[in-house]
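Asks:
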Amino acid sequence: MVLLTPPDEGPRVKGERIKLQDIVNGEYNALKVNGDWVGPDEFLYENQWGEISLLNVANLSTKTLMSNTTFKALSPVKFSVSRDRKYLLLAHNVQKLFRHSFLAQYSVFDISTSETFQLSPHPDDPQWPYLLHAQFTPNSNSIVMVYKYDIYFRTSPRSPQSYRVTKTGVPGVIHNGVADWLYEEEVLGTSASIALSNDGHLMLYATFNDTLVNEQHFSWYGVTNSLGSENLYPEVRSIRYPKPGTTNPTVTLNIADLANPKNIRIRALTPPIVLANEDRYFTSAAWISQTEVSVVWLNRPQNLSVVSLCKSPMWECQETHRISGDNRGWVDEYSVPFFSANGSSYIAVSPLRDGGAGHFRHLVHIHIPKKQILPLTHGRYEVTKIVYWDQVNNFIYYLGTPEYLPGQQHLYRVSSSPPKFGVPLRPPRCLTCPSVSRVGTTTKSPPRLVTSWEDDWEDEVVTPAPPTVPPKRQRKKKKDAPPRGPLPCQYHTAHFAPPSATPFVQIDCLGPEVPTSGIYRIVHENREKPLQLVLAIQNNTRLREKVAKIAMPQIKSFPVMISGGYYAQVRLFLPPGLREDEITRYPMILHVYSAPGTQLVTEKWRIDWNTYLAGSKDYIVTQIDGRGSSGQGYQLLHEVYRRLGTVEVSDQLEVTEYLRDNLHFVDKRRVGVYGWSFGGFTATLALANSQSLFQCGISVSPVTSWKLY
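Written as structure tokens, this is what we have:
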């Protein structure tokens, strides 16, 4: 008898097991580009040597504005440059307040003399104050700053005098120029609420009055002090925190005329008539000319959004377009649209119906005098965000999802000219898809669920819809798959430079591989490759080398048909040593969130606790985006309208049961669930379900009553 054994192919798990402490310490956090556009072809950034440089992307010349020795000595966290390129505005010693807001000490750096002087609204004050916000005006080196919730204006960095624009600020009660907690956290997603016209003469700012908003008291345990000890007793603090059905803050948008700083005149904007006498929010505001502002409003029930145009000198906002939920669901918090040069029309994102599939986010062209709305895109895919309007070449650039692939995000281009009557829409062109496509979407049916785990788990796009239960097929023994090369980028963001004849754009690739960033030129003459790389500005090489040494989980994504005829998007984090042809079974953990309009299953690159559980502890981690998630149209999104905690929980249970019963390597006796915030709410409901799918669970900071949220 002769016994044959297979050759030794080395350890099954290639690389080191990832350590939880390394994740907690941020060892695998990707570096972002510390810079921004400051002109049509100028990019201000911190280079690899720690200098603040001004890059001319047209000729690739650079100018050092601050040396690395000075940068290290001053340690600025944020920086910006004045329009005349004479000064840098630096933020130091940042103290975080809430998610976006912070206090910081600011200084001004004279580029020609390398002199630094502290910024204060009161130049004679020997103390270096902490400011809530500071910025240069667009046309000069004048500075606007917010101190103790009032706005101050200085005509130049070296001016001996600051002019006080507002005098009503009360910490925690009345905020001028910076948002209160509600707007910062839930509406604007930022703290600063100031915008200046291009000539710098007029300033739009918001005043948030929380006088009638009830207070929420909480214990504050402080932070470790310089002696290394903590406060022995917590103090009780409070925050103006509106809860459902209680009084919201009152917000006023104002225009301040800064042309004569000794006599600053202020006038409040009047909201459109349809919302004048009811509770409302403003979701965005921006200048569209030297004398016109566009504001997007939202009523408190969030089922009516109004785009308005407000003109000098009366500043009465006139409605130009509205979006209604029509009892289908809520409406999105839309941004200010992109206006044409003459202000007669604009491009916006609006719901468009696609037959029985319902409404999807698409581009529309709105002509104000004609009151005409014409679509620019249409189909079963989503426009995420408009990023640029090239009015010279008549192109709109936007970020969006491919059809049936809601976890991806690419940069697209489409004509900004509406087609003539009877002429079909021009298809958008994907500029960042792995193979540049003339058509930005696919007409194929959705990919089916992988029904056998062969061919190295490669998903195939086939025409039939996913079966309810995958057919059983005999599994064959196979060797480990050889290492693959880098995956193509599937998730992008884009930041365009100010308009010019030759547009430049910073494109960030955020996944599935380690993030990278580059600056590209739009080449209209090259129809096959319209994006031309100018310079790679962040490759995260060290992180890439570090990740190559660890055993990463196998990540698989696929759709599963669920109740109602929808598709849930599923992602599995599988242990690095898992082999489908073996009988080894692994515990499975479901990571849930399921808040309306969110996604867990995307192609973004990330190393977190899920990576640790799968890569180090050999757990299978599952994420599921079902009804209520974004990226697949409003019909699926609005399934949770006025019934939170129902169908989105059912989808988590349905798909988890499906995976448990059809993946032979899942240990049915060891299935758990965890979630945070809304995910904690979902996890709790999943644990309480009578199906008893889960043997354990973790619910972190769950919502227990929407009246208290």
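The numbers in the UniProt record's numbering rise by one with no breaks, and the one at position 120 of the sequence shown is 120. Glycine included, C-beta positions come from ideal geometry on N, C-alpha and C.
1. What ranges does the beta strand (DSSP E) occupy inside the segment 365-397, keeping only unbroken runs of at least 3 residues that lie completely in it?
2. In angstroms with no decimal places, state the Cα-to-Cα distance between W609 and G615.
3. Tell me which same chain residues have a C-beta within less than 6 Å of the C-beta of P702, skipping the five on either side of it?
4. Tell me whether N141 is buried or exposed, calling it buried when 16 or more other Cβ atoms sit within 10 Å of its Cβ.
5. Put R670 into one of helix, strand or coil per three-state DSSP.
6. So E185 packs on R99, CB below 8 Å; how close in whole Å?
7. Report the option in C489, R85, R429 whose CA atom is closest to the CA atom of Q408.
8. Taking the Cβ atom as the reference point for each residue, do G329 and Y130 lie within a distance shorter than 8 Å?
9. Counting only runs of 3+ residues fully inside the segment 261-304, write out the beta strand (DSSP E) ranges in chain order.
10. Inspect the beta-carbon positions of D354 and G379 and report whether they are closer than 8 Å.
11. Any idea if T468 is buried or exposed, counting beta-carbon neighbours within 10 angstroms, 16 or more meaning buried?
12. Find the nearest neighbour of S416 within the set G356, T384, S340, Q118, judged by alpha-carbon distance.
13. I think residue 758 touches E51, with their Cβ atoms under 8 Å apart; what is that distance to the nearest whole Å?
14. Taking the alpha carbon of V236 as the point to measure from, which residue in W220, P249, T247, G356 has its own alpha carbon closest?
15. Tell me, which residues are paired with I607 by DSSP?
16. DSSP three-state call for R85: helix, strand or coil?
17. If we call anything under 8 Å between Cβ atoms a contact, is F117 one with R83?
18. Can you say whether V223 is buried or exposed, counting buried as having 16 or more other CB atoms within 10 angstroms of its CB?
19. Pick from D257, P559, P138: whose alpha carbon is nearest that of Y404?
20. If you follow the alpha helix (DSSP H) that Q652 is part of, which residue opens it and which one closes it?
21. Looking at Y152: is its Cβ nearer than 8 Å to the Cβ of I264?
22. For S452 and V33, I'd like the C-alpha separation in whole angstroms.
23. In terms of alpha-carbon separation, which member of N394, W605, F360, V387 lies closest to G631?
24. Buried or exposed: which applies to H492, given that a residue is buried once 16 or more other Cβ atoms fall within 10 Å of its Cβ?
25. On the DSSP letters alone, give me the boundaries of the alpha helix (DSSP H) that A73 sits inside.
26. Do you know how far the Cα of Y28 is from the Cα of V547?
27. If I'm right that V274 touches E319 with Cβ under 8 Å, what's the distance once you round it to whole angstroms?
28. Leaving out the 5 sequence neighbours to the left and right, which residues in its chain are closer than 7 Å to F109 when beta-carbon positions are compared?
29. Does DSSP put E545 in a helix, in a strand, or in coil?
30. Give me, in chain order, the residues of the same chain whose beta-carbon lies closer than 8 Å to that of residue 726; leave out the 5 immediate sequence neighbours on both sides.
31. What is the DSSP secondary structure of L24, reduced to helix, strand or coil?
32. Compute the distance between the beta-carbons of V414 and L352, then report whether it is under 8 Å.
33. Quick check on P337: buried or exposed, where buried means 16 or more other Cβ atoms within 10 Å of its Cβ?
34. Counting beta carbon pairs with one atom in the segment 293-300 and one in the segment 278-285, are three or more of them shorter than 8 Å?
35. So, with DSSP's three-state summary, where would you put G189?
36. If you follow the beta strand (DSSP E) that P569 is part of, which residue opens it and which one closes it?
Replies: Reading off the structure:
1. 372-375, 383-390
2. The count along the sequence shown starts at 1 and reaches residue 609 at position 609. The count along the sequence shown starts at 1 and reaches residue 615 at position 615. W609 and G615: Cα-Cα distance of roughly 10 Å.
3. Here residue 702 refers to the residue found at position 702 when the sequence shown is read from its first residue. Answer for P702: G680, F681, T684, listed in chain order.
4. Within the sequence shown, numbered from 1, the residue matching residue 141 stands at position 141. Buried, because 16 or more other Cβ atoms sit within 10 Å of the Cβ of N141.
5. As a working note, residue 670 is residue 670 in the sequence shown. DSSP places R670 in strand when its eight states are reduced to three.
6. As a working note, residue 185 is residue 185 in the sequence shown. As a working note, residue 99 is residue 99 in the sequence shown. 6 Å between Cβ atoms; contact.
7. Within the sequence shown, numbered from 1, the residue matching residue 408 stands at position 408. It is C489.
8. Translated into positions along the sequence shown, residue 329 becomes position 329. Translated into positions along the sequence shown, residue 130 becomes position 130. No, they are not a contact pair.
9. 265-268, 280-289, 292-299
10. Here residue 354 corresponds to residue number 354 of the sequence shown, with the count starting at 1. Here residue 379 corresponds to residue number 379 of the sequence shown, with the count starting at 1. Yes, the pair counts as a contact, with Cβ atoms nearer than the cut-off.
11. Taking the sequence shown and counting its residues from 1, one reaches residue 468 at position 468. Bear in mind that a pLDDT of 39 at T468, under 50, signals an unreliable position, so the number given afterwards is only what the model happens to contain. So T468 counts as exposed.
12. As a position in the sequence shown, residue 416 is number 416, starting the count at 1. When only C-alpha atoms are compared, the closest one is S340.
13. As shown, the chain starts at 1 and ends at 709. That puts residue 758 outside it, with no answer to give.
14. Residue 236 sits at position 236 when you count from the first residue of the sequence shown. Minimum Cα distance to V236 is reached at W220.
15. Counted from its first residue, the sequence shown places residue 607 at position 607. None; I607 has no bridge partner.
16. What you label residue 85 is simply residue 85 of the sequence shown in a count that begins at 1. Coil, per DSSP.
17. As a working mapping, residue 117 is identified with position 117 in the sequence shown. As a working mapping, residue 83 is identified with position 83 in the sequence shown. Not closer than 8 Å, so no.
18. Numbered from 1 along the sequence shown, position 223 holds the residue referred to as residue 223. With fewer than 16 Cβ atoms within 10 Å of its Cβ, V223 is classed as exposed.
19. By one-based count along the sequence shown, residue 404 stands at place 404. The shortest C-alpha separation from Y404 is found at P559.
20. Locating residue 652 in the sequence shown gives position 652, where the first residue counts as 1. It spans 647-662 - the alpha helix (DSSP H) in which Q652 sits, taken as one unbroken run.
21. What you label residue 152 is simply residue 152 of the sequence shown in a count that begins at 1. What you label residue 264 is simply residue 264 of the sequence shown in a count that begins at 1. No, the pair does not count as a contact, with Cβ atoms beyond the cut-off.
22. Walking along the sequence shown from the start, residue 452 turns up at place 452. Walking along the sequence shown from the start, residue 33 turns up at place 33. For S452, the predicted structure reports a pLDDT of 33, less than 50, and the residue's modelled location is therefore unreliable. The matter cannot be settled from this model.
23. Locating residue 631 in the sequence shown gives position 631, counting from the first residue. Checking every option, the nearest Cα to that of G631 belongs to F360.
24. Counted from its first residue, the sequence shown places residue 492 at position 492. Per the 10 Å Cβ criterion, buried.
25. Against the sequence shown, residue 73 aligns to sequence position 73. Note, A73: alpha helix (DSSP H), 68-74.
26. If you number the sequence shown from 1, residue 547 lands on position 547. If you number the sequence shown from 1, residue 28 lands on position 28. Going from the Cα of V547 to the Cα of Y28 covers about 8 Å.
27. Locating residue 274 in the sequence shown gives position 274, where the first residue counts as 1. Locating residue 319 in the sequence shown gives position 319, where the first residue counts as 1. Indeed they touch by this definition, with Cβ atoms about 6 Å apart.
28. Counted from its first residue, the sequence shown places residue 109 at position 109. Once the five neighbours on either side are set aside, the close Cβ partners of F109 are M66, Y87, L88, L90, T116.
29. The residue labelled residue 545 in the question sits at position 545 within the sequence shown. The answer is helix: DSSP assigns E545 an H, G or I state.
30. In the structure as shown, the chain starts at 1 and stops at 709, and residue 726 therefore has no counterpart that could be examined.
31. Counted from its first residue, the sequence shown places residue 24 at position 24. This sequence places Val at residue 24; Leu is not what is there. In the structure shown, V24 sits in a helix (DSSP, three-state: H, G or I).
32. As a position in the sequence shown, residue 414 is number 414, starting the count at 1. As a position in the sequence shown, residue 352 is number 352, starting the count at 1. For V414 and L352, no; Cβs fall outside 8 Å.
33. Locating residue 337 in the sequence shown gives position 337, counting from the first residue. It is buried - the Cβ of P337 has at least 16 other Cβ atoms within 10 Å.
34. yes
35. Position 189 of the sequence shown holds residue 189. It is coil, neither helix nor strand.
36. Here residue 569 is taken as the residue at index 569 of the sequence shown, counted from 1. The sequence shown places Gln at residue 569, rather than the Pro named in the question. First-last of the beta strand (DSSP E) with Q569: 567-574.
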